[in-house]
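Notes to accompany the following structure.
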Amino acid sequence: MVRVLTFPMTVAMAVGLYVLTASADDAQADRVLSIGGSVTEIVYALGEQDRLIARDTTSSYPIEAEALPDVGYMRALSPEGILSVNPQLIIAEAGSGPHETIAVMEDADIPFIQIPDGYDSDAVVAKIHAVAVALGVPEKGDALAADVAAQFATLDTATETPARVLFILSMQGGRIMAAGAHSGADGIIAMAGGINAISEFEGYKPLTDEAVSAANPDVIVMMDRGGDHAAEDADLWANPAISTTPAAQTQSIVRINGLLLLGFGPRTPEAVTQLHAALYGDR
Amino acid sequence: MVTMDTTVPTAMPRPIGDRRVLAVRVIWLSAFVLALTIVASLTVGASGTSLFAALIDWASDNEIGLREQVILFDIRAPRTLMGVLVGASLAVSGAVMQGLFRNPLADPGLVGVSAGAGLGAILAIVLGGLLPATIAALTGIYTVPIAAFLGGWLTTMLLYKVATNRGRTSVAVMLLAGIAVGALSGALSGVLVYMADDTQLRDLTFWGLGSLAGATWGKFAVAAPLILLSLATTPFLAKGLNALTLGEATAEHLGIRVQRLKNIAILTVAGATGAAVAVSGGIGFVGIVVPHLLRLAIGPDHRYLLPASAFLGATLLLIADMISRTIIAPAELPIGIVTAIIGGPFFLYILLRNRGILDM
Amino acid sequence: MIIAQNIGVSIAKTDILSDLSFHAGAGQLTAIVGPNGSGKTTLLKALTGELPYTGKISLDGDDMRSFSTAALAARRAVLPQAAVLAFPFNVLEVVRLGLLSGLHVHDSDLPQRALKHVGLAGFEARFYHELSGGEQQRCQLARVLVQVWHPVRDGKPSWLFLDEPVSALDIGHQLEVMQIARDFADQGGSVIAVMHDLNLTAMFANSVALIAGGRRVIQDSPENVLTDAHISNAYRCNVQVNATPNAGGGAPYLLPHMASIRRA
Numbered sequence: 226m227v228r229v230l231t232f233p234m235t236v237a238m239a240v241g242l243y244v245l246t247a248s249a250d251d252a253q254a255d256r257v258l259s260i261g262g263s264v265t266e267i268v269y270a271l272g273e274q275d276r277l278i279a280r281d282t283t284s285s286y287p288i289e290a291e292a293l294p295d296v297g298y299m300r301a302l303s304p305e306g307i308l309s310v311n312p313q314l315i316i317a318e319a320g321s322g323p324h325e326t327i328a329v330m331e332d333a334d335i336p337f338i339q340i341p342d343g344y345d346s347d348a349v350v351a352k353i354h355a356v357a358v359a360l361g362v363p364e365k366g367d368a369l370a371a372d373v374a375a376q377f378a379t380l381d382t383a384t385e386t387p388a389r390v391l392f393i394l395s396m397q398g399g400r401i402m403a404a405g406a407h408s409g410a411d412g413i414i415a416m417a418g419g420i421n422a423i424s425e426f427e428g429y430k431p432l433t434d435e436a437v438s439a440a441n442p443d444v445i446v447m448m449d450r451g452g453d454h455a456a457e458d459a460d461l462w463a464n465p466a467i468s469t470t471p472a473a474q475t476q477s478i479v480r481i482n483g484l485l486l487l488g489f490g491p492r493t494p495e496a497v498t499q500l501h502a503a504l505y506g507d508r
Numbered sequence: 225m226v227t228m229d230t231t232v233p234t235a236m237p238r239p240i241g242d243r244r245v246l247a248v249r250v251i252w253l254s255a256f257v258l259a260l261t262i263v264a265s266l267t268v269g270a271s272g273t274s275l276f277a278a279l280i281d282w283a284s285d286n287e288i289g290l291r292e293q294v295i296l297f298d299i300r301a302p303r304t305l306m307g308v309l310v311g312a313s314l315a316v317s318g319a320v321m322q323g324l325f326r327n328p329l330a331d332p333g334l335v336g337v338s339a340g341a342g343l344g345a346i347l348a349i350v351l352g353g354l355l356p357a358t359i360a361a362l363t364g365i366y367t368v369p370i371a372a373f374l375g376g377w378l379t380t381m382l383l384y385k386v387a388t389n390r391g392r393t394s395v396a397v398m399l400l401a402g403i404a405v406g407a408l409s410g411a412l413s414g415v416l417v418y419m420a421d422d423t424q425l426r427d428l429t430f431w432g433l434g435s436l437a438g439a440t441w442g443k444f445a446v447a448a449p450l451i452l453l454s455l456a457t458t459p460f461l462a463k464g465l466n467a468l469t470l471g472e473a474t475a476e477h478l479g480i481r482v483q484r485l486k487n488i489a490i491l492t493v494a495g496a497t498g499a500a501v502a503v504s505g506g507i508g509f510v511g512i513v514v515p516h517l518l519r520l521a522i523g524p525d526h527r528y529l530l531p532a533s534a535f536l537g538a539t540l541l542l543i544a545d546m547i548s549r550t551i552i553a554p555a556e557l558p559i560g561i562v563t564a565i566i567g568g569p570f571f572l573y574i575l576l577r578n579r580g581i582l583d584m
Numbered sequence: 053m054i055i056a057q058n059i060g061v062s063i064a065k066t067d068i069l070s071d072l073s074f075h076a077g078a079g080q081l082t083a084i085v086g087p088n089g090s091g092k093t094t095l096l097k098a099l100t101g102e103l104p105y106t107g108k109i110s111l112d113g114d115d116m117r118s119f120s121t122a123a124l125a126a127r128r129a130v131l132p133q134a135a136v137l138a139f140p141f142n143v144l145e146v147v148r149l150g151l152l153s154g155l156h157v158h159d160s161d162l163p164q165r166a167l168k169h170v171g172l173a174g175f176e177a178r179f180y181h182e183l184s185g186g187e188q189q190r191c192q193l194a195r196v197l198v199q200v201w202h203p204v205r206d207g208k209p210s211w212l213f214l215d216e217p218v219s220a221l222d223i224g225h226q227l228e229v230m231q232i233a234r235d236f237a238d239q240g241g242s243v244i245a246v247m248h249d250l251n252l253t254a255m256f257a258n259s260v261a262l263i264a265g266g267r268r269v270i271q272d273s274p275e276n277v278l279t280d281a282h283i284s285n286a287y288r289c290n291v292q293v294n295a296t297p298n299a300g301g302g303a304p305y306l307l308p309h310m311a312s313i314r315r316a
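Residue numbers (the working numbering), protein chains in the order written: chain A, 226 to 508; chain B, 225 to 584; chain C, 53 to 316.
Structure below.
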């Protein structure tokens, strides 16, 4: 019953309310929806932010991005919500969805470009290229990618005695949610010259108390959510499992903004530098 | 002096205590309100697109833009129809369950449908990657709803088997077994959640809250026959459920084949709820609040309660969905949150107002 | 005619009734009496098909097991001891449930007439669960009467099974309800009632079946069953049975015996 009412696409595009410009210059979509914090950062870093018309909830940097309409969480996008902001192009981090919404965008003839994810410097460079190509500005992408790659190249994070780092995502009710292998935290720790204290599982999982002791971390890294750090630290060191670790004895805790730390975008060299300094600065 | 004729002639005097005319009026009214709500649901949305504007364009031979077409026919239409079906099946399933268990607080969740469907969905989300490629290709993006439906269906049938001894189904045993199976599938879900990776975890959370956002014509085509078939049996259940209010033995004495009634009722609920949960996730409160409200308005006669529940359930779910997709537009609030926020306090208010009638 | 031959009922592997025989005829009010736990209600439930039994029960010549649920519902109605409703039905709606057997669906004011018959005219819109116990019992009786309104239908008797029909009633309503049952029998129907009150039994029953311990049944006319010896044997207490002075045949009546109270 739907298809019967479908009009020839060319006519529809010519008459569509906001689609008029598309026929003039297909390569330059002027209404871009950016999904995913790192994608949005890259769009800003490319200087193409004027073309952004909306963003998702995870896109909170730079601060100006927060002024854009928010179409919701990147994995629970509402199809009509997206259409209501009239995008001509959607650039999304891998894992955005759900599938049904992406299918509707195809029906509506709106390109939905997914940017592959990854947790190392090559992945960041590849992301920048992909976003720039999607925006139709590959030369700008080349320049930014070269710049970021150069920053990566200057990083010297090698150490003789790498620190064992435990990344704690959250401590709900005393239960420690930690980062295992193949996670963003694992990637950034490695880039900063540390060793992830947890390698037994992948992704983020709750840890038993004994596993915390066994992990034997020298430093604990958490995301900086603002708030009273002194009180949080007191709670952290009071946790029986953590209190036995070297990290507790030296009171070594690093807090870095989550999007900076785990975003894997143009600011990642900066994140690596910060983390490396925090891990080894006093040595 | 004028003598007054006190006998007012009426075409068909209704005896006192007869709520049937009122019930029929309420059914017509709720059907009418549902029709209005459907139109509203097609008209309201995050985008400014309006059904009326599109109709006017269409009537005056102006072409409708592709964007408007997609919003009206590929987003709002399947979503609205799905909302009607899901709302109706949740409310009717609730009413049937309550009649069967002779308990106004019974819920399809009690017979393991929801728990089983939840387990099925979680299995599909977490372990879907392990499916043989041929099956995965066949089920495609419908793997999760299909798994949810099968999970709900199988759990209900298992419970039913456990509770049936020598051809007699004990409703009490089924209820207790339902609690046990609910706990078990909760635990299994917990294990699977532990095994899940990040992305899967987020999928699980959003599935659990329930939403009509994923409604597509494809899902509608999968769910609609099941739900409609299940709802089609309910007119044949109504008299039996009325008799059952007096107890199983008395219902049998009144000529109701109670075991057959139970068979059909449980199949109906497993089918309707399983399909509804499969396409929209867990949406609470509709199944309890709607029949309750209607019993207060028109009485507990299932011949009227069941159709009225279908209309009112569909209406309430559509209204909740309209709120869920506009209140924080362009983002969307899961509908389960909306029904709980509206349903919870409203239900408490109704309970407070009607303690006399309900306290029996 | 209902004839039960050598029937046995066991619940959870315990024999409640064994090798017990019983009969009840058209035009009669047959009372089942006996002490607590003797199996009165169990016998009634076997007779209505509610409990599985061994042995044979025939209804007007046909094996009870050969009847469909619907066919039985058209022939007999059962008044349970007490009924708690799950939902707020009003009195009229409860009585209307008696129409479910499908016999009198077109007789639209039958429920009202039945309510009047049991003295509940004007109670139609009241909620069942707000009635007193006695009113609930009479409301259920009205429902049962609606199910089998005609004592004789198509030349066959209708059957009323009453499980302690007057247990919650005051003396006035006891007499009223027993009279309704007796009228039903007198008009050609058949009533089987489980009774606790031996005086009412003596006044209204044509036939009395006295059960003791789920086995022994003494079934005969009230004068022959309700005797000093049978009653003291079955109920393990001494009572003295007298004869009413004014009634024609001299119906037996019982008064609690002071001596037996002291001994207890």
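We put the CB at the ideal spot given by N, CA and C, even for glycine.
(request) Quick one: grab the DSSP three-state call for residue 318 of chain A. (result) Working through the first sequence from its first residue, we reach residue 318 of chain A at position 93. Here residue 318 of chain A sits in strand by DSSP.
(message) So the candidates are A:398, A:380, A:415, A:298; which of them puts its Cα closest to the Cα of residue 388 of chain A?
(response) Position 163 of the first sequence holds residue 388 of chain A. Comparing Cα positions, the closest option is A:415.
(request) Verify whether the separation of the beta carbon atoms of residue 288 of chain B and residue 301 of chain B is less than 8 Å. (result) Here residue 288 of chain B refers to the residue found at position 64 of the second sequence. Here residue 301 of chain B refers to the residue found at position 77 of the second sequence. Taking 8 Å as the cut-off, the Cβ atoms of residue 288 of chain B and residue 301 of chain B do not count as close.
(request) Would you identify the three-state DSSP class for residue 281 of chain B, choosing helix, strand or coil? (result) Mapped onto the second sequence, residue 281 of chain B falls at position 57. In the structure shown, residue 281 of chain B sits in a helix (DSSP, three-state: H, G or I).
(message) Counting only Cβ pairs nearer than 7 Å, list the residues of chain B close to residue 466 of chain A.
(response) The residue given as residue 466 of chain A occupies position 241 in the first sequence. By Cβ distance, chain B contributes nothing, its closest Cβ being about 18 Å from residue 466 of chain A, past 7 Å.
(message) Tell me whether the stretch 478–488 of chain A and the stretch 446–458 of chain A touch, counting them as touching only if at least three CB pairs, one residue from each stretch, are closer than 8 Å.
(response) The stretch 478–488 of chain A is in contact with the stretch 446–458 of chain A.
(message) I'd like the span of the beta strand (DSSP E) that includes residue 280 of chain A, first residue to last.
(response) Taking the first sequence and counting its residues from 1, the one referred to as residue 280 of chain A is at position 55. Where residue 280 of chain A is concerned, the enclosing beta strand (DSSP E) stretches over 277–280.
(message) I'd like to know whether the C-beta of residue 294 of chain B is nearer than 8 Å to at least one C-beta of chain A.
(response) As a working mapping, residue 294 of chain B is identified with position 70 in the second sequence. Yes, its Cβ sits closer than 8 Å to a Cβ of chain A.
(message) Going by DSSP in three states, residue 250 of chain A sits in which element: helix, strand or coil?
(response) As a working mapping, residue 250 of chain A is identified with position 25 in the first sequence. Only weak support is given to the placement of residue 250 of chain A: the predicted model assigns it a pLDDT of 44, under 50, and the question is left unresolved by the model.
(request) Starting from the N-terminal side, write out each stretch of the alpha helix (DSSP H) that is 4 residues or longer and does not extend beyond the stretch 231–289 of chain C. (result) Complete alpha helix (DSSP H) runs here, min 4: 250–256, 274–277, 280–287.
(message) I'd like the span of the alpha helix (DSSP H) that includes residue 395 of chain A, first residue to last.
(response) The count along the first sequence starts at 1 and reaches residue 395 of chain A at position 170. In the DSSP annotation of this structure, residue 395 of chain A is not part of any alpha helix (DSSP H); the continuous beta strand (DSSP E) holding it starts and ends at 389–397.
(request) Could you tell me the distance, in whole angstroms, from the CA atom of residue 278 of chain A to the CA atom of residue 336 of chain A? (result) On the first sequence, position 53 is the one that residue 278 of chain A refers to. On the first sequence, position 111 is the one that residue 336 of chain A refers to. One C-alpha to the other measures close to 15 Å.
(message) Please classify residue 567 of chain B as buried or exposed, where buried requires at least 16 neighbouring CB atoms within 10 angstroms.
(response) Position 343 of the second sequence holds residue 567 of chain B. Under this definition residue 567 of chain B is a buried residue.
(request) Over the uninterrupted beta strand (DSSP E) stretch that includes residue 107 of chain C, give me the two end residues. (result) Taking the first residue of the third sequence as 1, we reach residue 107 of chain C at position 55. Where residue 107 of chain C is concerned, the enclosing beta strand (DSSP E) stretches over 106–111.
(request) Find the residues of chain B that neighbour residue 430 of chain A, judging by a C-beta separation of less than 8 Å, and give them in chain order. (result) Working through the first sequence from its first residue, we reach residue 430 of chain A at position 205. Result: 418.
(request) Anything in chain B within Cβ reach of residue 189 of chain C, meaning under 9 Å, just list it in chain order. (result) Indexing the third sequence from 1 puts residue 189 of chain C at position 137. Near residue 189 of chain C there are no residues of chain B at all, since even the closest Cβ is about 13 Å away, more than 9 Å.
(message) Tell me which residues share the same chain as residue 531 of chain B and place their Cβ nearer than 7 Å to its Cβ, disregarding the 5 neighbours each side in the sequence.
(response) Along the second sequence, one-based indexing puts residue 531 of chain B at 307. Counting only residues of its own chain and dropping the five nearest sequence neighbours on each side, residue 531 of chain B has a CB closer than 7 Å to the CB of 251.
(message) With a threshold of 8 Å between beta-carbons, can residue 129 of chain C be considered close to chain B, or not?
(response) Locating residue 129 of chain C in the third sequence gives position 77, counting from the first residue. Yes, its Cβ sits closer than 8 Å to a Cβ of chain B.
(request) Would you kindly check if the distance between the Cβ of residue 240 of chain C and the Cβ of residue 78 of chain C is under 8 Å? (result) As a working mapping, residue 78 of chain C is identified with position 26 in the third sequence. As a working mapping, residue 240 of chain C is identified with position 188 in the third sequence. Going by C-beta atoms, residue 78 of chain C is nearer than 8 Å to residue 240 of chain C.
(message) Within the continuous alpha helix (DSSP H) that includes residue 501 of chain A, where are the two ends?
(response) Looking up residue 501 of chain A in the first sequence gives position 276. In this chain, the alpha helix (DSSP H) harbouring residue 501 of chain A covers 493–505.
(request) For residue 332 of chain A, return the contacting residues in chain B, with the cut-off set at a CB-CB distance below 8 Å. (result) Here residue 332 of chain A refers to the residue found at position 107 when the first sequence is read from its first residue. Residues of chain B whose Cβ lies closer than 8 Å to the Cβ of residue 332 of chain A are, in chain order, 294, 298.
(request) Compute the distance between the beta-carbons of residue 492 of chain B and residue 548 of chain B, then report whether it is under 8 Å. (result) Along the second sequence, one-based indexing puts residue 492 of chain B at 268. Along the second sequence, one-based indexing puts residue 548 of chain B at 324. Against a cut-off of 8 Å, the Cβ pair of residue 548 of chain B and residue 492 of chain B comes out as no contact.
(request) Using a cut-off of 8 Å between C-beta atoms, extract the partners of residue 154 of chain C located in chain B. (result) Here residue 154 of chain C is taken as the residue at index 102 of the third sequence, counted from 1. Listed along the chain, the chain B residues whose CB falls inside 8 Å of the CB of residue 154 of chain C are 479.
(request) With 7 Å as the limit, tell me which residues of the stretch 284–316 of chain A have their beta carbon closer than that to any beta carbon of chain B; keep them in chain order. (result) Answer in chain order: 294, 295, 296, 297, 300, 301, 303, 304, 305, 306, 307, 308, 309, 310.
(message) With H, G and I counted as helix, E and B as strand and the rest as coil, what does DSSP make of residue 466 of chain B?
(response) Within the second sequence, residue 466 of chain B is the residue found at index 242, counting from 1. Of the three classes helix, strand and coil, the one that applies to residue 466 of chain B here is helix, per DSSP.
(request) Please list the partners that residue 523 of chain B has in chain C, where partner means a Cβ-to-Cβ separation under 9 Å. (result) The residue labelled residue 523 of chain B in the question sits at position 299 within the second sequence. Contact of residue 523 of chain B with chain C by beta-carbon distance below 9 Å involves 139, 140, 141, 142, 145.
(request) Check residue 72 of chain C in the structure and name its three-state DSSP category. (result) Counting from 1 along the third sequence, the entry for residue 72 of chain C is found at position 20. Correct three-state label for residue 72 of chain C: strand.
(message) Looking only at its chain, what residues have a beta carbon closer than 7 Å to the beta carbon of residue 333 of chain A, apart from the 5 residues adjacent to it on each side?
(response) The residue given as residue 333 of chain A occupies position 108 in the first sequence. Around residue 333 of chain A: 308.
(request) Just the chain C side, please: which residues come within less than 8 Å of residue 328 of chain B by C-beta, in chain order? (result) Working through the second sequence from its first residue, we reach residue 328 of chain B at position 104. At a beta-carbon threshold of 8 Å, the residues of chain C lying near residue 328 of chain B are 138, 139, ordered along the chain.
(request) Measure from the C-beta of residue 22 of chain C to each C-beta in chain B and report whether the shortest distance is under 8 Å. (result) The first residue shown for chain C is 53 and the last is 316, placing residue 22 of chain C beyond what the model contains.
(message) Quick check on the DSSP output: the alpha helix (DSSP H) that includes residue 298 of chain A runs from which residue to which?
(response) Translated into positions along the first sequence, residue 298 of chain A becomes position 73. Neither: residue 298 of chain A is in no alpha helix (DSSP H) and is coded neither H nor E.
(request) Express the C-alpha separation of residue 328 of chain B and residue 573 of chain B in angstroms, rounding to a whole number. (result) Here residue 573 of chain B refers to the residue found at position 349 of the second sequence. Here residue 328 of chain B refers to the residue found at position 104 of the second sequence. If I take the Cα positions, the gap works out to 16 Å.
(request) Would you mind sorting residue 433 of chain A into buried or exposed? The rule is 16 or more other CB atoms within 10 Å of its CB. (result) Counting from one through the first sequence, the residue named residue 433 of chain A turns up at place 208. Exposed, since its Cβ has fewer than 16 Cβ neighbours within 10 Å.
(request) Spell out a yes or no on whether the stretch 169–182 of chain C and the stretch 142–158 of chain C are touching, meaning 3 or more CB-CB pairs, one atom from each, closer than 8 Å. (result) By the Cβ test, the stretch 169–182 of chain C is in contact with the stretch 142–158 of chain C, since at least three Cβ pairs between them sit closer than 8 Å.
(request) Measuring alpha carbon to alpha carbon, tell me which of A:349, A:462, A:364 ends up nearest residue 486 of chain A. (result) Within the first sequence, residue 486 of chain A is the residue found at index 261, counting from 1. The candidate whose alpha carbon is nearest that of residue 486 of chain A is A:349.
(request) Give me the Cα-Cα distance between residue 494 of chain A and residue 435 of chain A, rounded to the nearest whole angstrom. (result) By one-based count along the first sequence, residue 494 of chain A stands at place 269. By one-based count along the first sequence, residue 435 of chain A stands at place 210. Looking at the two C-alpha atoms, the distance is approximately 34 Å.
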